[in-house]
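Structure first, commentary second.
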Amino acid sequence: MNTESRPRISRRSCLKAGVIGAASSPLLAGCGGDAPSAPGGTAWQVPTEREAQFEQGMSPLEGSGWVPDVARYPALAQSIQADVCVIGAGLAGSSLCLHLTRAGLDVAVLEARQPGWGASGRNAGHVLPTLRDRSVFQRFPDGGKAFLAAFREHHSIPFDLAREYAIDCDATRSGYLHATHREGTFEDLRQRSRFWREQQGQPVDFLGADEMHKMTGSAYYSHGVLYRDGGRINPYLFTNGMIRAAVARGARVFGDSAALALQAQGNRWRVTTETGSVLADRVVLCTNAYPGPIEPRVTDNFYPLTAYGIATAPLPEELAAEIMPGGATLAQEPVDLHPFLIDEHRRIVVSSLPSTARPADSDWHFQQHLRWIHRTWPATRDANIRLQHYWTGRVALRDEEFPGVFELHPGVFGLMHFNAWGNVMAPLMGKLLAEGLARERLDTLPFPLTQPQPVDNPRKQHLIIRRLLIPAARMAQRIGLL
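Mapping of the sequence shown onto this note's numbering: position 213 corresponds to residue 594, and the numbering continues sequentially without gaps.
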């Protein structure tokens with residue numbers, strides 16, 4: 382079989398409905414092992430509370446491999462006033478808060494749990510300094526010129542903020558490596574990288590087999606594209622570091638303070654929690670895939686998708702030196718079932734989408750990755766690589782490749798839905814929106830403010846990706862098609 386002639390199934394193509402057809406149907410036969418079943422056609426067993434938590438992307442945060450200790454901020458217990466009330470203390474809300482306080486505004490943050498509890502404390506830790514679909518800029522009034530200029534200047538914003546505010550979060554500009562063993566896929570990667578190399582001025586390297594072996598420690602990959610400004614970060618520590626920096630500049634942050642109601646009072650807005658309220662000139666919702674009841678229009682305008690992360694116990698130094706010796710974060714092409722990095726503690730951190738039949742089964746998911754690790758790095762076959770952490774979180778997907786920036790009411794905004802790549806875009810968008818709010822010049826924002834639009838079926842991506850594409854891809858990899 383000529384493998385180069387098969388359609389490319391990228392990670393993002395698995396996030397859009399229109400690619401199922403010919404790309405996936407040949408792989409589906411015999412892939413039902415990942416779908417739930419019941420003997421004799423009996424009713425499916427009701428999930429346990431633990432299974433439901435993992436399925437909904439709400440597993441205990443303490444289980445995340447990124448979290449050494451959960452931060453604790455007190456609940457709001459009185460009525461206060463602020464210039465801006467930020468709802469949600471994830472990557473976007475924390476960056477927004479930090480940049481607003483830096484501009485001299487009085488900011489109050491309401492977080493339903495604790496900062497970084499959502500996807501910002503659960504994601505894969507990848508820092509990719511590119512955008513995947515520039516066609517979205519066709520709807521921008523200036524064709525995206527202003528935003529691309531901002532992205533060129535701030536595409537390394539996680540590393541820049543970590544350095545500026547001395548945030549200890551394993552912010553490592555070690556490179557982001559797209560790896561493949563197919564010539565045709567490499568040519569596609571090279572074409573896609575030209576814009577970032579030639580027009581955005583990013584350092585991008587094209588690697589052959591010898592260079593790939595030096596970078597990865599594996600003979601499996603023959604080609605690669607290395608974005609040198611990419612790398613890795615501990616997203617939970619990064620989020621909480623931004624919050625601490627904002628608090629040091631006067632921000633007030635409240636945990637365990639879910640926003641329950643939003644009510645106009647003159648030209649201001651009152652946000653009510655169980656034990657207090659904030660009266661603010663402006664309100665920004667940064668709830669992403671974990672919206673509360675405060676604004677119904679941001680609960681049905683995205684596709685929620687559950688993902689998981691795995692962290693191993695620290696590897697022995699000599700073994701860690703053989704796996705990804707170049708230190709880069711690794712993404713495989715054309716299908717990436719094992720987004721991969723080794724962190725500062727010599728732990729393998731890998732992620733994917735959980736089985737619909739066994740979302741809480743940590744060992745089953747670990748074994749899927751361990752087989753791939755053994756294939757890619759044969760030296761690991763005799764090593765005792767142990768699972769240490771398994772957790773899930775929820776991704777917010779949109780139909781287009783750009784975050785949702787909404788003007789919900791006069792003075793009420795939404796910043797959310799980062800399509801699984803929030804470690805760069807969330808802090809960047811928080812910074813840009815903060816600058817517009819601080820100057821009271823929203824007309825100068827490098828992106829348009831829009832209205833949220835409901836999606837036709839919020840479970841569509843779950844059904845397509847987790848029940849069809851991921852099981853098919855796992856089977857295809859197991860039998861050597863990928």
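A virtual CB, placed ideally from N, CA and C, is assigned to each residue, including glycine.
Can you tell me which of the options puts its alpha carbon nearest to the alpha carbon of residue i?
i: isoleucine 766; options: Asp780, Trp772, Ala777, Gln748; result: Gln748
i: isoleucine 691; options: Pro697, Glu698, Pro706, His746; result: His746
i: arginine 483; options: Leu849, Leu850, Gly811, Pro829; result: Gly811
i: asparagine 621; options: Leu814, Asp549, Glu821, Leu457; result: Asp549
i: arginine 533; options: Gly506, Arg494, Asp610, Ala500; result: Asp610
i: leucine 686; options: Pro674, Ile846, Leu641; result: Ile846
i: histidine 719; options: His726, Val448, His755, Ala694; result: His755
i: tryptophan 851; options: Leu826, Ser736, His770; result: The question names tryptophan, yet the displayed sequence has isoleucine at residue 851. Cα-wise, what sits closest to isoleucine 851 is Ser736.
i: valine 836; options: Ala590, Leu778, Ser445, Ala632; result: Leu778
i: glutamine 713; options: Arg663, Phe567, Ala626, Thr656; result: Phe567
i: proline 791; options: Val665, Ser733, Gly589, Leu711; result: Val665
i: alanine 857; options: Glu703, Asn800, Pro715; result: Pro715
i: isoleucine 704; options: Tyr671, Val679, Ala764; result: Ala764
Got a sec, what are the start and stop residues for the alpha helix (DSSP H) residue i sits in?
i: aspartate 837; result: From DSSP, aspartate 837 is part of no alpha helix (DSSP H); its letter is neither H nor E.
i: glycine 444; result: Where glycine 444 is concerned, there is no enclosing alpha helix (DSSP H), given that its DSSP letter is neither H nor E.
i: threonine 566; result: 564-575
i: arginine 544; result: 538-545
i: leucine 818; result: 803-820
i: glycine 474; result: 472-483
i: glutamate 432; result: 430-436
Please report the distance separating the alpha-carbon of residue i from that of residue j.
i: tryptophan 758; j: valine 427; result: 40 Å
i: arginine 630; j: glycine 795; result: 24 Å
i: proline 522; j: arginine 859; result: 47 Å
i: leucine 823; j: glycine 438; result: 34 Å
i: histidine 535; j: leucine 809; result: 7 Å
i: arginine 855; j: proline 455; result: 44 Å
i: serine 638; j: leucine 768; result: 34 Å
i: cysteine 667; j: alanine 470; result: 7 Å
i: glycine 708; j: alanine 489; result: 39 Å
i: arginine 520; j: leucine 643; result: 31 Å
i: histidine 843; j: alanine 688; result: 10 Å
i: phenylalanine 518; j: glutamate 782; result: 10 Å
i: alanine 463; j: leucine 751; result: 50 Å
i: leucine 479; j: leucine 813; result: 12 Å
i: alanine 531; j: aspartate 744; result: 43 Å
i: glycine 565; j: glutamine 581; result: 24 Å
i: alanine 640; j: arginine 625; result: 21 Å
i: phenylalanine 787; j: isoleucine 723; result: 36 Å
i: leucine 486; j: alanine 543; result: 22 Å
i: tryptophan 447; j: histidine 559; result: 24 Å
i: isoleucine 538; j: valine 606; result: 21 Å
i: proline 417; j: glutamate 436; result: Any reading at proline 417 needs caution, since the residue's pLDDT is 39, under 50, leaving its predicted position unreliable; the model's value is listed next. When rounded, the distance between both Cα atoms is 13 Å.
i: alanine 398; j: glycine 474; result: The predicted model places alanine 398 with a pLDDT of 34, which falls under 50 and marks its position as unreliable; any figure quoted below should be read in that light. Between alanine 398 and glycine 474, the C-alpha separation is close to 29 Å.
i: glutamine 434; j: arginine 739; result: 12 Å
i: isoleucine 729; j: methionine 797; result: 29 Å
i: alanine 760; j: phenylalanine 540; result: 32 Å
i: glutamate 698; j: aspartate 551; result: 18 Å
i: tyrosine 684; j: threonine 825; result: 29 Å
i: valine 508; j: asparagine 804; result: 6 Å
i: arginine 633; j: proline 449; result: 23 Å
Would residue i be called buried (16 or more neighbouring beta carbons within 10 Å of its own) or exposed?
i: threonine 831; result: exposed
i: glutamate 430; result: exposed
i: proline 867; result: Nothing can be reported for residue 867: it is not among the residues displayed for the chain, which extend from 382 to 863.
i: histidine 604; result: buried
i: asparagine 615; result: buried
i: alanine 741; result: buried
i: glutamine 459; result: exposed
i: arginine 575; result: exposed
i: threonine 597; result: buried
i: aspartate 591; result: exposed
i: aspartate 514; result: exposed
i: glutamate 676; result: buried
i: arginine 663; result: buried
i: serine 476; result: buried
i: glutamine 834; result: exposed
i: asparagine 838; result: exposed
i: threonine 561; result: buried
i: glutamine 646; result: exposed
Over the uninterrupted beta strand (DSSP E) stretch that includes residue i, give me the two end residues.
i: tyrosine 684; result: 684-693
i: leucine 660; result: 658-666
i: phenylalanine 587; result: 585-588
i: methionine 797; result: 793-797
i: isoleucine 461; result: 460-468
i: histidine 559; result: 557-561
i: leucine 491; result: 488-491
Let me check you understand the geometry: is the CB of residue i closer than 7 Å to at least one non-hydrogen atom of the ligand NAP?
i: alanine 456; result: Annotation note on the ligand NAP: not contained in the displayed structure, which lists no ligands.
*Curious, which full-length alpha helix (DSSP H) runs of at least 4 residues does the region 701-767 contain?*
743-757
*In chain order, which alpha helix (DSSP H) runs of at least 4 residues are fully inside the region 591-666?*
616-629
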